Structure formats: structure tokens, C-alpha cells
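*Asks:* In this note's numbering, the protein residues as written are 10 to 177.
Here it is as C-alpha cells:
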């Protein structure tokens, strides 16, 4: 039986969200597949600013995920693939969630909202780039109906990565 997904709100990141993201992601378990530790606060300041630009330009971005009591849980959303390697020209969906909120359905709920929003913005297909060892994120791709499209070596870690795809 499928359980009901929690209510989660997505908002365009604010200046203050840079600090909230830094705080929520300052956990080795959360960052296991993202370099092992939270980036400097200035990286999150640049990232939230870039997401505001993406929202204005594309109608979507990596949104701040807000839960009960207006608590920042993490982010989810979509953006153009940002690297020189990989699926150039594709829209990538992604998520990162604070450890205290794992296993509650927040990412799946927020990712479904993301898919609705990018479809409304005219996007016809999306990808998700996931470290092959990240079982939690792979489970989310399955719940979204994504299919494994490619296995590759991640340039940053030399570990196996997976590219999932979904036609909207």
C-alpha cells in the first residue's frame, strides 16, 4: 500500500536560504555523494542567486523545500545541466534533503511537484544524474517513473554514475 505524501512547499530561494541550505547540508551523511562535506557559505550564496536567475529565465529552478512550521528541509527542482561533461542541453531534476527529514516522503512529493512545474514550462523530458551508490535517490527516480538510460564514470570521484530519464 502507498502511503500519503506529506505537504511540502517549494519557493524560489531567498538570500536567507543560502544560510539555511548551508546549515541543513552540513552533515557528512547528507553530503556523502556530494564531496563529503557542505560547501562554504559563499557557494550556497552563489547557488541561490543563480537559482533566482533560472526561475526568472526558465520558470523553474532548484527551489527551497519548506515543511511544517516553515522549516527549510533542503531543495528540489530543475535546472539546465551545468557541466561540460554529461547530458548537455538537458534539464536535470535533483534534490538534497537534510538528514532529519529522510524517509518521510518529502523528496518524492517535491519532485512530483517539480515535474508538474517543468512540464507547465514546456519541458518535454528530464534527466537525473545519480551516484550508483545512492540507493535513496535511485528509489526516488523509480517512484517518479524514470528509466535508467546510461551508466558512466563520474569525473569528480571516478565512481559509477547513472543517468535516468523521463519523458513528460
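Where is the CB? At the ideal position from N, CA and C, for every residue including glycine. Just so we're clear, the structure is a prediction, and the values are computed from it rather than from any experiment.
Considering only residues of the same chain and omitting the five flanking positions on each side of residue 123, which have a CB-CB separation below 7 angstroms?
*Replies:* Looking up residue 123 in the chain shown gives position 114. Excluding sequence neighbours, residue 123 sits near 85, 86, 87 and 102.
*Asks:* Taking just the CA atoms, how far does residue 31 sit from residue 128?
*Replies:* Within the chain shown, the letter at position 119 stands for residue 128. Within the chain shown, the letter at position 22 stands for residue 31. Going by the C-alpha atoms only, they are around 29 angstroms apart.
*Asks:* Tell whether a beta-carbon distance below 7 angstroms holds between residue 90 and residue 99.
*Replies:* Within the chain shown, residue 90 is the residue found at index 81, counting from 1. Within the chain shown, residue 99 is the residue found at index 90, counting from 1. In this structure, residue 99 lies closer than 7 angstroms to residue 90 by Cβ.
*Asks:* At 3 residues or longer, and completely inside the region 47-78: list those beta strand (DSSP E) runs for me, N to C.
*Replies:* DSSP runs (the beta strand (DSSP E)) wholly in the region 47-78: 71-75.
*Asks:* List the residues that DSSP assigns as beta-bridge partners of residue 84.
*Replies:* As a first step, residue 84 is located in the chain shown; it is residue number 75 there, counting from the start. Looking at the DSSP assignment, residue 84 forms a beta bridge with 73 and 105.
*Asks:* Cβ of residue 139 within 7 angstroms of Cβ of residue 92?
*Replies:* Within the chain shown, the letter at position 130 stands for residue 139. Within the chain shown, the letter at position 83 stands for residue 92. The answer is no: Cβ separation not under 7 angstroms.
*Asks:* Evaluate contact between the region 64-72 and the region 19-31, counting only Cβ atoms and requiring at least three cross-stretch pairs below 8 angstroms.
*Replies:* Enough Cβ pairs lie closer than 8 angstroms, so yes.
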